[in-house]
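Visitor: This is the structure I want to talk about, given as structure tokens.
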Amino acid sequence: MVGYVMICYSLSSTVSSPLIGHLTGYAGARSLILAAVVANVVLLIYMLLWQPDEDSLATILVVSAGWAVVRAVWRIQLFAVLGTMFPSNQEAVFANAKMAGSIGSMLVFAYSAALCMDVKLYIYMAVLALGTVGFGVFECKTRKKTKKKPEAEPILTYLE
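So the sequence shown is numbered by our numbering: it starts at 1 and just counts up by one.
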């Protein structure tokens with residue numbers, strides 16, 4: 001079943017990425033991030049409560065597809081934020097982002113055999129909470145910087 005799950009994940013990620021990119025223009029980044037957080041929490045709680053069996057291929061594929069869509073939202077929004085924060089040094093920024101992702105994947109692979117699934121899901125919840133708070137702090141700081149002070153109305157003088 002691993003092959004089917006990988007195909008479903010890849011197909012869902014491939015289809016959802018351009019759709020999410022297009023949807024960002026209409027819904028905005030904040031609402032997409034909020035929807036991704038809610039969907040991610042729902043998936044994590046479901047995975048904590050779910051007892052998989054051999055006959056649950058459809059459920060496994062739905063969870064895999066949901067995970068791919070949520071991950072696509074996070075990646076697209078993260079890369080968009082990084083691209084706007086560092087417009088003059090994008091090569092280094094994206095290389096560092098990919099390296100950080102690879103280190104994260106390596107760490108997860110390293111502890112995957114030592115921890116049970118519940119503990120791994122709780123770790124993911126903690127990382128999700130930290131990432132969401134970090135994005136919120138970044139949004140607040142960015143919003144404060146971009147708020148323009150109201151310009152004074154021009155003083156018109158009439159020559160009589």
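Note that the Cβ used here is the ideal one computed from N, Cα and C, for glycine as well.
Predicted model only: the values in this text are computed from it and were never measured.
#1: Anyone know if the C-beta pair for Ala65 and Ser12 falls short of 8 Å?
#2: What are the start and end residues of the alpha helix (DSSP H) that includes Lys98?
#3: On a CA-only basis, which of Lys141, Phe135, Leu130, Ile20 is nearest Ala68? Give me that one, please.
#4: In three-state terms, what does DSSP make of Tyr135?
#5: Whole-angstrom Cβ separation of Leu49 and Val70, contact assumed at under 8 Å?
#6: Between which two residues does the alpha helix (DSSP H) containing Trp74 stretch?
#7: From which residue to which residue does the alpha helix (DSSP H) around Gly3 run?
#8: Helix, strand or coil for Glu116? Go by DSSP, reduced to three states.
#9: Using the beta-carbon count (16 or more within 10 Å), is Asn89 buried or exposed?
Guide: Let me lay it out:
#1: Translated into the one-based positions of the sequence shown, residue 65 becomes position 65. Translated into the one-based positions of the sequence shown, residue 12 becomes position 12. Cβ distance < 8 Å, so Ala65 and Ser12 count as in contact.
#2: Mapped onto the sequence shown, residue 98 falls at position 98. It spans 90 to 112 - the alpha helix (DSSP H) in which Lys98 sits, taken as one unbroken run.
#3: Here residue 68 is taken as the residue at index 68 of the sequence shown, counted from 1. Comparing Cα positions, the closest option is Ile20.
#4: Walking along the sequence shown from the start, residue 135 turns up at place 135. This sequence places Phe at residue 135; Tyr is not what is there. Here Phe135 sits in helix by DSSP.
#5: Position 49 of the sequence shown, counted from the first residue, corresponds to residue 49. Position 70 of the sequence shown, counted from the first residue, corresponds to residue 70. Not quite, the Cβ-Cβ distance comes to about 18 Å (not below 8 Å), so this is no contact.
#6: The residue labelled residue 74 in the question sits at position 74 within the sequence shown. 57 to 85 is the extent of the alpha helix (DSSP H) around Trp74.
#7: For this step, residue 3 is matched to residue 3 along the sequence shown. Gly3 -> alpha helix (DSSP H) spans 2 to 27.
#8: Here residue 116 refers to the residue found at position 116 of the sequence shown. According to the sequence as given, residue 116 is Cys; it is not Glu. Looking at Cys116 - three-state DSSP - the assignment turns out to be coil, as it is neither helix nor strand.
#9: Within the sequence shown, the letter at position 89 stands for residue 89. Answer is exposed; the Cβ neighbour count stays below 16.
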